[in-house]
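Q: My questions will all concern the structure given below.
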Amino acid sequence: MKSLITYLICTALLVGVFVKDSSAQTSQKPQATQTNEEFRKTAPAPLKSGNFNLPTATETVLPNGLKVVIVEDNRVPSVNYRLAFRSGTVNDPQDLPGLTNLMTGLLTDGTTTRNSLQISNEVNRIGGNLNATAGLDNTLIIASSLTKYNQDILKLMADVTLNPTFPEDELALSKANTKQGLQAQRAQAGFLASERLAKVLYGDKNPYSVVTTTPEVVDAITQQRLKDFHKQLFVPNNAVLVVVGDVKKAALLKDINAVFGTWQKGTATTATFPALPNRTARTIYLVDRPNSAQSNIILANLAINRTNPDYFALQVMSQILGGGASSRLFLNIREQKGYTYGAYSSLDARKEAGSFSSSAEVRSEVTGAALKEFLYELDRIRTQPIPTQELVDAKSYLSGVFPIRLETQNGLIGQLIGIEAYNLPKDYLKTYGDKINAVTAEDVKRVANQYVTPDKIAIVVVGDASKIIGQLSPYSQNIELFDVSGKPKQVSLVGSVSNPTTKTALSNDVVGTWNLTIASPQGDLPLGFTLKSDGTGTITSPVGDGTVTSATFDKNELTINGDLSFQGSPITVKIKGIVKEKSYSGNVEASIPNVPPLSFTGTKAS
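Following this line, the structure appears as structure tokens:
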């Protein structure tokens, strides 16, 4: 018994799980009998869908062209406003990217009758909310309050919309904060990936390719330029005011006319969208982020605009592929391989064009292995039949969660804004569930083949190029390298970087099966591995098998990187030592806190 416990403790040193004395476990009484636990073997049946009672929205257009959509919802004594302009950051002048963001950020910082402190104090006095934000296709002014302060918040909303002054002192502060934010962005791998992807998919001249501004552009923005741009962008005939809350339509329309009725019509600016790049081959765009411990991976293709009828089939396909913890990407790359905390897919359908992407953040040493699994899953959803249960589960989730999102005033108003901003059908909310449930397995496969094209896909990776370039090269002959500022680098320079994960053909001296003995303080532990000539292979251990993700052999030094999994917990292993004829000795390290490297000796099997 003592030797068995010793063996288990030794095993725990390798995998990071410490086993308690079996006598302590057997002394505990079971919590429930087997009979009482039978019910846990079968998941409970889902409840029947409840009635979906959607509030009625009424529409009115003011003489100046401002469209007003009102939903009377008296369940709670509050009211929510969204004033949406059908223009966003895509309408920025080419010489001043970021102008819309800076302008919206300053709307609540001063008007012709109030300074920023007065605006803030009035909003706080009524316990309300007032802010503005700019998206790619739309600009929003957001306001809310209790019903009793409805007129107060509406007047404040109108004031910051129609009468902003963009005070010089507030502008200077906003510029300084913006430039500090730009510096912080460059330190974020996620931002670097998004920036590169936008340029890759849409091309340099497309408004969708602009993700951020520059310090030089920020310095060039003046108060007068902000005033001129505001007058040009904020016109009532290019806007819709959506109201959801405890209101009465007739009284509210009177209040809205009082504050917005004198707003003069104008000519809205329109963005120009050039032809999109025609992708002909799979290309990897690598952003070199030295010393990064992980890699951000995004695989993306151009997809659809928001009004495309394939939207619903793509939503179902994305849910199956990477919509959550039960999706294929998540189960494969996280649960089975343990490469990441989460792997997902996403459909980004915009006004003019969109994209379909899959992404994850993984450890540097498994970048290539993770990319392999991404490509496998993208190919599988295109080529293999969709199991009935997967399809049913995806549609049930999407159609079931949608009504829940409409339960709050905030959730409902967000959906109504989407309908207006993207010119969706008026019955969109009522028919969403039916259209999702009408998607077939053939529809999923069709849109997967049309919009998910692994042979032409753009792969953006942000990470330490010296660690991952060799892992990426087997998946594309086209690799473009950039620094964190977005400037191209010579790919040839990467070849000279020491790269322990490059998968070159291994010598026959090390290809084959090896049996090792690990020396631990409590006794010897067995460990084995089998290597192929391409540097991949398998690992065997007392607690389970794993995979060799990379191997190099140089001047008699053999280095192996691998992955093990113990009860769902991922463990990375590095075996490094010297080969002399058929003997191998060195150290093995595991990704376990407070466990030092352990020495080993071994021989190659005949």
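If you read the sequence shown in the working numbering, its first letter stands for residue 1160, the second for the next number, and so on. For each residue, glycine too, the CB sits at the ideal point set by N, CA and C.
Can you give me the Cβ contacts of residue 1580 inside the same chain, cut-off strictly under 7 Å, excluding the 5 residues immediately before and after it?
A: 1243, 1245, 1296, 1297
Q: If you follow the alpha helix (DSSP H) that residue 1414 is part of, which residue opens it and which one closes it?
A: 1408–1419
Q: Throw me the rounded Cβ distance for the residue 1248 and residue 1260 pair, which I believe falls under 8 Å.
A: 6 Å
Q: I need the DSSP call for residue 1754, collapsed to helix, strand or coil.
A: coil
Q: Counting C-beta neighbours from all protein chains within 10 Å, is the total for residue 1766 16 or more, i.e. buried, or is it exposed?
A: Look at the range of the chain in this structure, 1160 to 1765, and you will see that residue 1766 is not part of it.
Q: What does the Cβ neighbour count give for residue 1398, buried or exposed, with the cut at 16 atoms within 10 Å?
A: By the neighbour-count rule (16 or more Cβ atoms within 10 Å), residue 1398 is buried.
Q: Helix, strand or coil: how does DSSP classify residue 1547 here?
A: helix
Q: Give me, in chain order, the residues of the same chain whose beta-carbon lies closer than 6 Å to that of residue 1189; leave out the 5 immediate sequence neighbours on both sides.
A: At residue 1189, the pLDDT of 48 sits below 50, so the modelled position is not reliable and the matter cannot be decided from this model.
Q: Find out if the Cβ-Cβ distance for the pair residue 1769, residue 1434 is shorter than 8 Å.
A: Nothing about residue 1769 can be reported from this structure: the residues present for the chain run from 1160 to 1765 only.
Q: Examine the Cβ distances between the region 1560–1580 and the region 1234–1243 and report whether three or more of them are shorter than 8 Å.
A: yes
Q: Per the DSSP calculation, residue 1499 is bridged to which residue(s)?
A: 1521
Q: Taking three-plus beta-carbon pairs below 8 Å as touching, is the region 1382–1397 in contact with the region 1346–1354?
A: no
Q: Are the region 1442–1455 and the region 1616–1625 in contact at 8 Å, needing three or more beta carbon pairs?
A: Below 8 Å, enough C-beta pairs join the region 1442–1455 and the region 1616–1625 to call them touching: three or more.
Q: Run through the DSSP bridge pairs and tell me what residue 1703 is partnered with.
A: As DSSP reads the structure, residue 1703 sits in a beta bridge with 1700.
Q: For a test of the three-state rule: what should DSSP assign to residue 1764, helix, strand or coil?
A: coil
Q: On the CB-based measure, 16 or more other CB atoms within 10 Å of its CB, does residue 1500 come out buried or exposed?
A: exposed
Q: Alpha carbons only, please: which of 1470, 1675, 1722 is nearest the one belonging to residue 1524?
A: The option with the nearest alpha carbon to residue 1524 is 1722.
Q: Is the region 1327–1346 touching the region 1482–1498, taking contact as three or more C-beta pairs under 8 Å?
A: no
Q: Ordered along the chain, which non-local residues of its own chain (more than five positions away) have a Cβ less than 7 Å from that of residue 1505?
A: Exclusion of the five residues before and after residue 1505 leaves 1477, 1516 as the residues of its chain whose Cβ lies within less than 7 Å of its Cβ.
Q: Does the Cβ of residue 1549 have 16 or more other Cβ atoms within 10 Å, making it buried, or fewer, making it exposed?
A: buried
Q: Pull the bridge partners of residue 1671 from the DSSP assignment, please.
A: Answer by DSSP bridge pairing, in chain order: 1690.
Q: Any beta carbon of chain D sitting closer than 8 Å to that of residue 1322?
A: You won't find chain D in this structure, because it holds only one protein chain.
Q: Could you tell me the distance, in whole angstroms, from the CA atom of residue 1750 to the CA atom of residue 1701?
A: 17 Å
Q: Does the count of Cβ pairs from the region 1213–1233 and the region 1409–1424 closer than 8 Å reach three?
A: Proximity of the region 1213–1233 to the region 1409–1424 meets the contact definition, three or more beta-carbon pairs being nearer than 8 Å.
Q: Report yes if the CB atom of residue 1710 is closer than 8 Å to the CB atom of residue 1719, and no otherwise.
A: yes
Q: Leaving out five residues before and five after residue 1673 in sequence, what residues of the same chain have Cβ atoms less than 8 Å from its Cβ?
A: 1687, 1688, 1689, 1690, 1743, 1761, 1762, 1763, 1764
Q: Cα-Cα, which of 1645, 1490, 1735 is closest to residue 1344?
A: 1645
Q: Answer yes if the region 1482–1492 comes into contact with the region 1425–1434, meaning at least three C-beta pairs across the two stretches below 8 Å, and no otherwise.
A: no
Q: Going by DSSP, name the residue or residues bridged to residue 1403.
A: According to DSSP, residue 1403 bridges with 1230, 1239.
Q: Does the separation of the CB atoms of residue 1472 and residue 1683 fall below 8 Å?
A: no
Q: With DSSP as the reference, label residue 1735 as helix, strand or coil.
A: strand
Q: Going straight from the alpha carbon of residue 1617 to that of residue 1440, what length do you get?
A: It is roughly 8 Å from the alpha-carbon of residue 1617 to the alpha-carbon of residue 1440.
Q: Using the Cα positions of residue 1658 and residue 1627, report the straight-line distance between them to the nearest angstrom.
A: Model confidence at residue 1658 stands at a pLDDT of 37, short of 50, so the residue's coordinates are unreliable and nothing is read from them.
Q: Tell me whether the beta-carbon of residue 1537 lies closer than 8 Å to the beta-carbon of residue 1613.
A: At a Cβ-Cβ threshold of 8 Å, residue 1537 and residue 1613 count as neighbours.
Q: Give every residue of the same chain whose Cβ lies closer than 8 Å to the Cβ of residue 1252, excluding the five residues on either side of it in the sequence, and list them in chain order.
A: 1258, 1388
Q: With a threshold of 16 other CB atoms inside 10 Å of the CB of residue 1197, please say whether the residue is buried or exposed.
A: Classification of residue 1197: exposed, given that the 10 Å Cβ count is below 16.
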